[in-house]
Each structure stands twice: as structure tokens, then as C-alpha cells.
Amino acid sequence: MKNNLNRRHFIKTAATGALGLSAASSAFSFNILSQYPLKDKYRVAVIGVNSRGSQHIQAFAKIPNVEIAYICDVDSRARENGIALALKEGVKTAPTGLVDFRKALEDKTLDAVSIAMPDHWHTPAAIMALQAGKHVYLEKPGSHNPAESELLVEATKKYGKIVQMGNQRRSWPRVQEAMKELHSGAIGRAYYARAWYTNTRKSIGYGKPAAVPEWLDFELWQGPAPRAEFKDNLIHYNWHWFWHWGTGEIVNNGVHFLDLARWGLQVDYPEKCYSSGGRYHFQDDWETPDTQIASYDFSDGKSILWEGRSCNARDINGMGSGVSFHGENGTLELLNNSYKIYDHANKLEKSAEATTNTVVDQRGAGFDMDIAHFTNFINAIDKGESQISPYPEIQKSVLLCQLGNISYRTGRALEIDQSSGKILRDKEAMKLWGREYQKGWEPKL
């Protein structure tokens, strides 16, 4: 064991050197580390496979030293579909299907869990997994509220396991390239970032109380959340738009783009946040805003603006979602997995087109939109590779989104402690820092 620990420390030091997260170069150390495997197979449980969890299955199925041991979901249809998908993707032995993921945590041979459950489950499930000695790949946003983020950061440090969040854009080759351009001064000092997301989501109507479907364990689906009646417009996606379980569009999708904005500007916590908007497009049960603006001011003369339009998909700069950076000498537009650089005369100085699934880069594997990020998670466990998205760092981006929601819900600007991200001098706003839990389900260390 001592030799393995020494080797792990040596490998990590040799591979990463003095590089920080902002360099975003850890993904390119795969070949350096390939000769130092610690295990032949890492056994993983995928938890929550109705939607995004399907991509977790597809990604892990492509990583040679991963075995998908369990498929866990409270929806029996999703479990069956998840097992079938794993076999279709080439998994040789069918994973075991479980309703309750906690049974998988009892398996001492299980190395990691991959969580794609609803937001209200993210932190409680991750902490349960850490306490069971498992590494955690956690779908964004990783927490339902800032108090949970703080708790998960503490748990990550206490239990000494890898916790990686699913903000996979940090692993995309053109995104990494764009950040290097930005940080090397391609547009001079960058001082402003604009991030946006648009969609044409339909009305969710007015839900009616209904019998719980026979294929659903609704009690376990609610888990840590205080109990509420089942309605016919809640599951499986519309929970995003109810504060009781979800976090709205800014946390659902904004976290990807606000994370890139924060990374590009190299900022941490803001000093001020203000957000406004509303549920404008339809009149229905939807509680979170479908149209939202959030602005963030930082002490070093930088700011970020977020625009979310859930029900109007008119694009910006030719893309339905993206980030643009504005600086002393020009603008860098980061549009999905491609980017463009313009000078102040609006002249295109550089255009880097998106890579495709067929591109083979120096990591030695065909690139797709997920595989690099999941592989980095496994390599961080297996070879001590530096994480691209360690949760203690990425939670700062999640907090930007959550602060936007708190400002929106209180209807006023927030002053922020730049050393901790906490809201200053506003007791009402701080009431939204955490939440109430179903008795006996409170996450704790």
C-alpha cells in the first residue's frame, strides 16, 4: 500500500508539475501515464439513467478499464433500458439493475458511482457514496443550494476521494485551445464575458394529482426533499422548473456557460450579483423564470452577464448557447466546440472550427463530447492524473448560478463576501442559502 501511495504521488507530480486548473492541460497527459495502471478494472454504478444518465453509460462503456457493475433507477423502465443500452454499447456482462442505489454502495468491490439523478438528490447521494468509500462522478449542478455545495466540498476533502462534476466542456479540445488563446493575451486583457442559453420549451400545463405509476418508486425519488403529492406533470423532466426539486434554467444549463465565463476571466467569487426576469411565455405550474438576466461584478474590474431564454430560441452570434469574451484588443467568441477571434474593427483574425467524433488527438482516443471528461475522471482515480473539473473548484461556478436565483427570488442585488461567496448583510437572502429536508434524510458528515 505504501509503495502504491508513493507511486501515485510521484505520477501525479511528474504528470502535472506546477500546472494549475486554469492551464486546462491535464487532459493531455494520458500517454505519459498509460504505463502506470493501478487496477485492471474499475467497477462503476450509474445512478439515474432516464435522461442524461444514458450518456454516462455510453461513455463508461467506451473506457477499457471500466466495468459498469450496476444500473440504478427508481423507474423500472429506465433500468431495463439502461441495461439494454450497456449491452448494445458492448458491455459483455449485463449490469445488475437496482431500484435503491444504496444497495450498490454496500458492495466493497465497487470503486465509483456516476450520479445523474434530479438536483435535489445530487449532494445527499454523493455524500452517501463518499462515506461508503466510493469515488463520485456527479452530473451538474452537484447541489440544490449553496449550503449543499459547501457540505460537499467539505466531504470531498474529508473522505479523500475524487469528485468530478459533469461540466464536460472543460475537456473539449477547442475550448481548451480557446482558453489558452485568451489567457495568453489574444484579445489583450479580457474584462467582460457574456454567456447565454436559449431553447423553445413548451408549457408544462397545470398538473393534476394522480396515482403513482406502477413503474415508479416515488418515495425514493423524493428522498431528501420534504414530501409532496404526485402530479401528472412532474416526472421525468419538469421537476427542473419547481423550486422544491429543481434549480431553473440558469443552474440546469447556465452552469456550463457561466463556468466557461469564470474560467476565461480567471475570477472566483463576485462582489455583487443582481438578477431579474420571470415566467413570461406561458401561464402554468412552471415556478422558475423562463427569461432571466444575471449580472456579476468582480473586484478586479471584470464582469459577467448571463442571459437565459427557455422559450425563445433566437440565437446570439449564430449560436443558441455560448460565451463571448471582450477585451482591450478584441473579442473571442466561444461557440460550442469552436471559437473565433475578432479585432475592434470586427475583422476575423482567427477561426477554429469544431472537432468531430472522428478526430484522433494526442490523447490517443477518438474525441467525442463526453469520453474525454469521463476518462479524465477514471485516470484521476487510476493514475493520479490532475482533474479537469474537481468539485471544490467547480462549485464556484455553480454558486454564480445559485446566487443569481437568490437575487431573482428576493428581487434585489446581493453583496458578496469575495473570500467565501457568502451573502453579506441580508438575512432574508441567506434563508435561501439552504433548504429543509425530509426528517431523517438530512445530508451530514
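Letter by letter, the sequence shown follows residues 60 to 504 in the working numbering. The C-beta atom is built at its ideal place from N, Cα and C for all residues, glycine as well. None of the values given here were measured: they were computed from a predicted structure.
Could you name the residues of the same chain whose beta carbon sits closer than 7 Å to that of V150, not counting the 5 residues immediately before and after it, in chain order?
Answer for V150: A120 and I127, listed in chain order.
What distance in whole Å lies between the Cβ atoms of Y250 and H403, which are believed to be in contact at a cut-off of 8 Å?
With a Cβ gap of about 14 Å, H403 and Y250 do not count as contacting.
Would A237 and Y401 be called neighbours here (beta carbons separated by less than 8 Å)?
No, these two residues do not count as a Cβ contact at 8 Å.
Simplified DSSP assignment, three categories, for I375:
I375: strand per DSSP, three-state reduction.
Is K46 buried or exposed, if buried means 16 or more other CB atoms sit within 10 Å of its CB?
Residue 46 falls outside the range modelled here, since the chain spans only 60 to 504, and no answer is possible.
Outcome for S448 when other beta-carbon atoms lying within 10 angstroms are tallied against a minimum of 16
Around the beta carbon of S448, 16 or more other beta carbons sit within 10 angstroms, so the residue counts as buried.
Give me the Cα-Cα distance between L458 and P205, rounded to the nearest whole angstrom.
About 6 Å.
Distance, N376 Cα to P177 Cα:
Looking at the two C-alpha atoms, the distance is approximately 32 Å.
In the DSSP assignment, find the alpha helix (DSSP H) that holds A252 and state where it starts and stops.
Unbroken run through A252 is the beta strand (DSSP E), A249 to T257; no alpha helix (DSSP H).
So the candidates are A245, R338 and F316; which of them puts its Cα closest to the Cα of I363?
For I363, the closest alpha carbon among the candidates A245, R338 and F316 is that of F316.
Pairwise C-alpha distance: V103 and L169
Rounded to whole angstroms, the separation of the alpha carbons of V103 and L169 is 6 Å.
Take the Cβ of A431 as the centre, count every other Cβ of all protein chains shown within 10 Å, and call the residue buried at 16 or more, exposed below.
Looking at its Cβ environment, which holds 16 or more other Cβ atoms inside 10 Å, A431 is buried.
Label N226 either buried or exposed according to how many other C-beta atoms from any shown protein chain fall within 10 Å of its C-beta, with 16 as the threshold for buried.
Looking at its Cβ environment, which holds 16 or more other Cβ atoms inside 10 Å, N226 is buried.
Looking only at C-alpha atoms, which of H203, Q190, D276 and P232 sits nearest to L462?
The residue with the shortest Cα to Cα distance from L462 is H203.
Could you tell me the boundaries of the beta strand (DSSP E) in which M224 lies?
Bounds of the beta strand (DSSP E) holding M224 are V222 to M224.
Whole angstroms is fine: what's the gap from I294's alpha carbon to A439's?
Roughly 34 Å separates the two Cα atoms.
G336: which of L319, E366 and Q446 sits nearest, CA to CA?
Closest by alpha carbon: E366.
What residues in its chain sit with their C-beta under 8 Å from that of T36, if we drop five residues either side in the sequence?
Look at the range of the chain in this structure, 60 to 504, and you will see that residue 36 is not part of it.
Does the distance from the C-beta atom of R233 to that of A413 stay below 8 Å?
Cβ distance < 8 Å, so R233 and A413 count as in contact.
Using C-beta distances below 7 Å, list every residue in its chain close to L146, excluding the 5 sequence neighbours before and after it, in chain order.
Counting only Cβ-Cβ distances below 7 Å, and skipping sequence neighbours, we find A153.
Classification of Q454 by the beta-carbon crowding that lies within 10 angstroms, buried from 16 upward:
With 16 or more Cβ atoms within 10 Å of its Cβ, Q454 is classed as buried.
Contact the region 469-486 vs the region 317-332: 3+ CB pairs below 8 Å
Contact annotation: the region 469-486 touches the region 317-332, with at least three C-beta pairs closer than 8 Å.
Any chance the region 156-172 sits against the region 181-198, with 3 or more Cβ pairs inside 8 Å?
Yes, since at least three Cβ pairs between the region 156-172 and the region 181-198 fall closer than 8 Å, the two stretches touch.
Candidates K217, W280 and I482: which alpha carbon is nearest W500's?
Considering only K217, W280 and I482, the residue with the shortest C-alpha distance to W500 is W280.
Go through the region 175-251 residue by residue and report every complete run of the beta strand (DSSP E) that reaches 3 residues or more, in order.
List check, beta strand (DSSP E) in window: 194-197 and 222-224.
Tell whether a beta-carbon distance below 8 Å holds between N140 and D99.
Contact: no.
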